[in-house]
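Chains as they are written, first to last, in this note's numbering: chain A, 2 to 366; chain B, 16 to 182; chain C, 12 to 129. Each residue gets a CB set at the ideal place from its N, CA and C atoms; glycine is no exception. Data first, discussion second: the structure below is written as structure tokens.
See below:
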């Protein structure tokens, strides 16, 4: 029992650190990537402690200085605000998102000393329902954040933000149903393993080949869930200052900013798991490569595992970078256009996708 | 899972539920209700009903409580007045305590005296997604279709209510 | 059977500690100099006008109710999607009827203009 607990703890730490590191990395990608897109230099220097450091590591200085600044700033709580809810707002915005990673598989099976360790923190057989339930709780982070600060503008941003989040949660859930119809299970590791098969012996059976429309719906709904541009009206930088997290300073604001990036990582991780083969490398099985021509290359188990984990991280990173690209390329949606997109476009499309997939499966036998 | 885990969970549940009832601030009361529903989902997991636990979090704690919070904020409910609580409601509170005490005594007497047999082991796959799904769509197909009518009635009712208030 | 959730509980614990530290860091590490002007809410330089918590449009309530209805629908679709292959055509017909009724509800709401935001 204790060995199981220790292994689970190690896996959990690995997954959480992976998520947090990706989040911090995305901060760097966002600042330098946006600079690249907008044809400027971006942040490349920071003076720590009055220039003690004799060298300039570029944006790394900024990445060190920013968190130090945020964690040591004064925590200003507006008069008349509710102190307990003021603390729980940012807490509930990030905590469910981080916890979602417990169900995401980041590798196949690692064999250590005769013991098979499934590289997934919790092997839930209702994995997809868990993954759908947890981000749904992050709505409370937004709602409480706006309410707790006793400020009209924050509350407006919070209500708009939560209305937007719940509108797109349905489209997100429906986008996944096509993939579940195809794979026939709610267990994320089983879905990941099922994508190791090949269609007609050549094409890897990744989810996106079966469900291109489902992937698009899921991705658009996911970006709207994260309240990023082009859907960032609740944050409304030019209108509501910072919307629902205006009245937060110091590390609480850092937590809200982190929730932004953490949700990007979660949406990318889920899209990778269901539509891009999770940790699968094409033609790679547990004992080595099996190319379609019949040529096989045997590899030690550790190499296979490392390749699979690296493939997972790479795919998640590519999807995150794509989301950042979308952010800096598109203008912002107006609020009624946003809600129209959620209810009048994505929802009927997602329902149609489910029905068409079901009919095709019945016809194909 | 042993009695220790169960009593920890039960204590947390009771404290959370009491907070819902006792706390004067409506928003904190609603958040305590969210915590109660979440802990109930954990209880369902202990009973082996994984699917229902997940559905409890998705629908109840994730959707219905959001509606509650919206309504609280839309109606701009304020804290219960402390004075009115203390003065006018004394008789109420005494009656509530007596009623609650009698109920608790009855339940305690019931559970201490009636011997409950050890439960039979549940069948394999109990509470998992497949068995719930099979039961729902094969055995109980008609109630399932009637649920859709019920939801339709809810939608129509809401639209009628909202339109009347707006006009 | 409950071993599945061991990882979940451990992750809950770690995540709670990490996020708690992140939220509480500036409460502990930061200075504390509260003042009346600093604690006013931000309204782009003007002093706050009126009470903070006014009434909002009833459309938000409508969105929340619609969300519940369609969330319940999604929640029924998930178990159906698992056993779908075993159910065959009767299962398909069942779900088509279910989705059809709810799509009729959506169409009704759409036509009544309750989804229109102005």
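Partner residues on chain A for residue 49 of chain B, Cβ-Cβ distance less than 9 Å: Taking the second chain and counting its residues from 1, the one referred to as residue 49 of chain B is at position 34. Simply 138 and 141.
Could you tell me whether any Cβ in chain A is nearer than 9 Å to the Cβ of residue 124 of chain C? Locating residue 124 of chain C in the third chain gives position 113, counting from the first residue. It does not; no Cβ of chain A falls within 9 Å.
7 Å Cβ shell around residue 129 of chain C - same chain, five flanking residues per side excluded: Counting from one through the third chain, the residue named residue 129 of chain C turns up at place 118. Low confidence applies to residue 129 of chain C: its pLDDT is 49, below 50, so where it sits in the model is not reliable, and the reading given next is rough at best. Closer than 7 Å at the Cβ level, and outside the excluded window around residue 129 of chain C, lies no residue.
Tell me which residues share the same chain as residue 239 of chain A and place their Cβ nearer than 6 Å to its Cβ, disregarding the 5 neighbours each side in the sequence. On the first chain, residue 239 of chain A is found 238 positions in, with the first residue counted as 1. Note that residue 239 of chain A scores 48 on pLDDT, short of 50, meaning its location in the model is unreliable; the coordinates nonetheless yield the value given after this. Nothing meets the Cβ criterion.
Could you check where the alpha helix (DSSP H) with residue 87 of chain A kicks off and where it finishes? Residue numbering aside, residue 87 of chain A sits at position 86 when the first chain is read from its first letter. Its alpha helix (DSSP H) spans residues 84 to 101.
Taking residue 167 of chain A as the reference, give the member of A:223, A:119 and A:211 with the closest Cα. Mapped onto the first chain, residue 167 of chain A falls at position 166. Among A:223, A:119 and A:211, the Cα nearest to that of residue 167 of chain A is on A:223.
Decide if residue 43 of chain C is buried, meaning its Cβ has at least 16 other Cβ atoms within 10 Å, or exposed. For this step, residue 43 of chain C is matched to residue 32 along the third chain. Exposed.
Is the Cβ of residue 74 of chain C closer than 9 Å to any Cβ of chain A? To locate residue 74 of chain C, count along the third chain from 1; it is residue 63. Judged by the 9 Å Cβ criterion, residue 74 of chain C is in contact with chain A.
Answer yes or no: do residue 106 of chain C and residue 76 of chain A have a C-beta to C-beta separation smaller than 9 Å? Walking along the third chain from the start, residue 106 of chain C turns up at place 95. Walking along the first chain from the start, residue 76 of chain A turns up at place 75. Not in contact: residue 106 of chain C and residue 76 of chain A (Cβ atoms no closer than 9 Å).
Residues of chain B with a CB under 9 Å from the CB of residue 14 of chain C: which are they? For this step, residue 14 of chain C is matched to residue 3 along the third chain. What residue 14 of chain C touches in chain B: nothing, since even the nearest Cβ is about 11 Å away.
Anyone know if the C-beta pair for residue 32 of chain B and residue 94 of chain C falls short of 9 Å? Here residue 32 of chain B refers to the residue found at position 17 of the second chain. Here residue 94 of chain C refers to the residue found at position 83 of the third chain. No, the pair does not count as a contact, with Cβ atoms beyond the cut-off.
Taking DSSP as the reference, what is the three-state secondary structure of residue 65 of chain B? Within the second chain, residue 65 of chain B is the residue found at index 50, counting from 1. Three-state DSSP puts residue 65 of chain B in a helix.
C-alpha distance - residue 134 of chain A paired with residue 106 of chain B, whole-angstrom precision: Counting from one through the first chain, the residue named residue 134 of chain A turns up at place 133. Counting from one through the second chain, the residue named residue 106 of chain B turns up at place 91. So the alpha carbons of these two residues sit roughly 43 Å apart.
Helix, strand or coil for residue 188 of chain A, going by three-state DSSP, please let me know. Within the first chain, residue 188 of chain A is the residue found at index 187, counting from 1. In this structure, residue 188 of chain A counts as coil in the three-state DSSP scheme.
From residue 142 of chain A to residue 261 of chain A, what distance separates their C-alpha atoms? In the first chain, counting from the first residue as 1, residue 142 of chain A sits at position 141. In the first chain, counting from the first residue as 1, residue 261 of chain A sits at position 260. Approximately 12 Å between the Cα atoms of the pair.
Pull up the distance between the alpha-carbon of residue 42 of chain A and that of residue 28 of chain A, whole angstroms please. Indexing the first chain from 1 puts residue 42 of chain A at position 41. Indexing the first chain from 1 puts residue 28 of chain A at position 27. Using only the alpha carbons, I get a separation of about 15 Å.
Rounding to the nearest angstrom, what Cα-Cα distance links residue 329 of chain A and residue 37 of chain A in this structure? Along the first chain, one-based indexing puts residue 329 of chain A at 328. Along the first chain, one-based indexing puts residue 37 of chain A at 36. Between residue 329 of chain A and residue 37 of chain A, the C-alpha separation is close to 10 Å.
Please report whether the beta-carbon of residue 31 of chain B lies at a distance below 9 Å from any beta-carbon of chain A. Indexing the second chain from 1 puts residue 31 of chain B at position 16. It does not: the Cβ of residue 31 of chain B has no partner Cβ on chain A nearer than 9 Å.
List the whole-angstrom C-beta distance separating residue 16 of chain A from residue 149 of chain A, where the pair is believed to meet the contact cut-off of C-beta under 8 Å. Taking the first chain and counting its residues from 1, the one referred to as residue 16 of chain A is at position 15. Taking the first chain and counting its residues from 1, the one referred to as residue 149 of chain A is at position 148. Going by Cβ atoms, the distance from residue 16 of chain A to residue 149 of chain A rounds to 30 Å, so no, they are not a contact pair.
If we cut at 9 Å on Cβ distances, does residue 35 of chain B have a partner in chain A? To locate residue 35 of chain B, count along the second chain from 1; it is residue 20. By this cut-off, residue 35 of chain B is not an interface position.
Strictly below 7 Å CB to CB, what residues from chain C border residue 163 of chain B? Translated into the one-based positions of the second chain, residue 163 of chain B becomes position 148. Those are 109, 112 and 113, listed as they occur along chain C.
Quick one: using the 10 Å Cβ neighbour count with 16 as the cut-off for buried, is residue 358 of chain A buried or exposed? Residue mapping note: residue 358 of chain A aligns to position 357 of the first chain, counting from 1. Residue 358 of chain A is buried by the Cβ-count criterion.
Which residues, taken in chain order from the segment 107 to 137 of chain A, show a beta carbon closer than 7 Å to some beta carbon of chain B? Contacts with chain B (Cβ-Cβ distance below 7 Å) from the segment 107 to 137 of chain A involve 126, 127, 130, 131, 133, 134 and 137, listed in chain order.
Closer than 8 Å at the beta carbon, the chain C residues around residue 181 of chain A: The sequence position of residue 181 of chain A within the first chain is 180, counting from 1. Within 8 Å of the CB of residue 181 of chain A, the CB atoms of chain C belong to 89, 92 and 93, in sequence order along the chain.
Between the C-alpha atoms of residue 352 of chain A and residue 275 of chain A, what's the straight-line distance to the nearest angstrom? The residue you call residue 352 of chain A lines up with position 351 of the first chain. The residue you call residue 275 of chain A lines up with position 274 of the first chain. Whole-angstrom Cα-Cα distance: 18 Å.
Which of the three DSSP states is assigned to residue 136 of chain A in this structure? Translated into positions along the first chain, residue 136 of chain A becomes position 135. Three-state result, residue 136 of chain A: helix.
Minimum Cβ-Cβ distance from residue 71 of chain C to chain B less than 9 Å: Here the question's residue 71 of chain C lines up with position 60 in the third chain. Chain B, which has a Cβ nearer than 9 Å to the Cβ of residue 71 of chain C, makes this yes.
Could you list which residues in chain C have their beta carbon closer than 8 Å to that of residue 256 of chain A, in chain order? As a first step, residue 256 of chain A must be located in the first chain, where it is residue number 255. Neighbourhood of residue 256 of chain A in chain C, by CB distance below 8 Å: 30, 33 and 34, in chain order.
So what's residue 328 of chain A in DSSP terms, helix, strand or just coil? Position 327 of the first chain holds residue 328 of chain A. Reduced to three states, the DSSP call for residue 328 of chain A is helix.
Which residue wins for smallest C-alpha separation from residue 77 of chain C, given the options A:197, A:348, A:21 and A:189? For the purposes of this step, residue 77 of chain C is identified with residue 66 of the third chain, where counting begins at 1. Residue A:348 is the option with its Cα nearest to residue 77 of chain C.
Is residue 113 of chain B buried or exposed, if buried means 16 or more other CB atoms sit within 10 Å of its CB? If you number the second chain from 1, residue 113 of chain B lands on position 98. Answer is exposed; the Cβ neighbour count stays below 16.
Assuming residue 206 of chain A contacts residue 190 of chain A under a Cβ cut-off of 8 Å, what Cβ separation, rounded to an integer in Å, is found between them? The residue given as residue 206 of chain A occupies position 205 in the first chain. The residue given as residue 190 of chain A occupies position 189 in the first chain. No, residue 206 of chain A and residue 190 of chain A are not in contact; Cβ-Cβ is about 16 Å, not under 8 Å.
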